[in-house]
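Student: Residue numbers for the sequence shown follow the numbering used here, so the first one is 72 and each next one is one higher.
Handing you this structure, nothing more for now.
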Amino acid sequence: MIHLEENLNRIKDFNELYDAVGWEHYSEEIVKKSLKNTFYSVSVYDDAKIIGYGRIIGDTICFLYIQDIMVIPDYQNQKIGTTILKKLLEKVKEIQKENPDVRVYLGASKGKEGFYKKFGFITREDAGLGSGMILKEEKNENI
Ligand SMILES: CC(C)(COP(=O)(O)OP(=O)(O)OC[C@H]1O[C@@H](n2cnc3c(N)ncnc32)[C@H](O)[C@@H]1OP(=O)(O)O)[C@@H](O)C(=O)NCCC(=O)NCCS
């Protein structure tokens with residue numbers, strides 16, 4: 072049965088998803104700290120198997136950042152990503168009741184912008200803002 076869980080702390084499940092969507096997973100130690108420092112997350116399970124995830128990080132006052140929305144390939148295009156993002160946006164609404172000026176950001180992977188546009192996200196360019204930028208990593212020539 073498909074069901075939602077909040078605030079994942081199972082490192083293996085997180086890394087399983089990272090592998091399933093073709094991202095290079097982090098070490099267990101890093102994931103442990105990263106999940107602990109996450110403000111809110113939603114996981115989707117099919118019985119005991121994790122099939123999707125998404126989380127919110129940020130200070131909850133000025134900035135929220137949506138990160139790591141992932142649905143394993145066998146379950147994509149079945150509205151699991153929609154369920155995850157809607158649940159995260161419900162949490163955003165809760166926060167906005169207290170902090171109406173909080174800004175919600177995300178960095179879309181290449182080709183995934185259309186998915187987020189369905190939920191009201193616009194590019195910084197369309198919002199009249201400057202580019203999103205990322206600190207260049209010496210170990211990775213691509214970023
Ligand atoms: C992007 C992702 C989370 C979408 O999840 P999903 O469960 O497959 O998406 P849904 O079934 O909820 O799709 C919702 C809608 O978005 C659309 N959509 C999905 N992926 C899209 C894309 N890449 N571009 C444009 N539209 C997209 C669907 O067609 C659907 O449209 P509809 O409502 O008109 O039918 C999923 O494909 C995924 O995990 N990809 C690999 C990891 C990844 O790149 N994550 C994004 C990080 S920024």
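Where a beta carbon is used, it is the ideal one built from N, C-alpha and C, also for glycine.
Return the Cβ separation of Leu75 and Val115 in integer angstroms, given the expectation that the two are a contact with Cβ distance under 8 Å.
Tutor: Their Cβ separation, rounded to whole angstroms, is 6 Å, which keeps Leu75 and Val115 in contact under 8 Å.
Student: Within the same chain, show all residues whose beta-carbon is closer than 6 Å to that of Arg174, passing over the 5 residues directly before and after it, in chain order.
Tutor: Closer than 6 Å at Cβ, skipping near neighbours: Phe134.
Student: I'd like to confirm something about Met204: is its beta-carbon nearer than 8 Å to some heavy atom of ligand 1, or not?
Tutor: Result no, Cβ not under 8 Å from ligand 1.
Student: Residues around ligand 1, please: the ones whose beta-carbon is closer than 6 Å to some heavy atom of it, in chain order.
Tutor: Going by the Cβ distance cut-off, the answer is Val92, Ile140, Met141, Val142, Gln147, Asn148, Gln149, Lys150, Ile151, Gly152, Thr153, Ala179, Ser180, Gly182, Lys183, Gly185, Phe186 and Lys189.
Student: Flag this pair as yes or no: are the beta carbons of Gly152 and Gly125 separated by less than 9 Å?
Tutor: Closer than 9 Å, so yes.
Student: Please return the same chain residues whose Cβ sits closer than 7 Å to the Cβ of Asp197, not counting the five positions on each side in sequence.
Tutor: Nothing meets the Cβ criterion.
Student: Specify, as a first and last residue, the run of the beta strand (DSSP E) that Tyr136 falls within.
Tutor: Element bounds for Tyr136: Phe134 to Val142.
Student: For Gly206, name the three-state secondary structure that DSSP assigns.
Tutor: The sequence given here has Leu at residue 206, not Gly. Looking at Leu206 - three-state DSSP - the assignment turns out to be coil, as it is neither helix nor strand.
Student: Is Val175 helix, strand or coil when you go by DSSP?
Tutor: Strand at Val175.
Student: Could you spell out the range, first to last residue, of the beta strand (DSSP E) harbouring Asp117?
Tutor: Where Asp117 is concerned, the enclosing beta strand (DSSP E) stretches over Tyr111 to Asp117.
Student: Mind checking Gly129: buried by the 16 CB within 10 Å criterion, or exposed?
Tutor: Looking at its Cβ environment, which holds 16 or more other Cβ atoms inside 10 Å, Gly129 is buried.
Student: Tyr89 by DSSP, collapsed to three states: which one?
Tutor: Helix, per DSSP.
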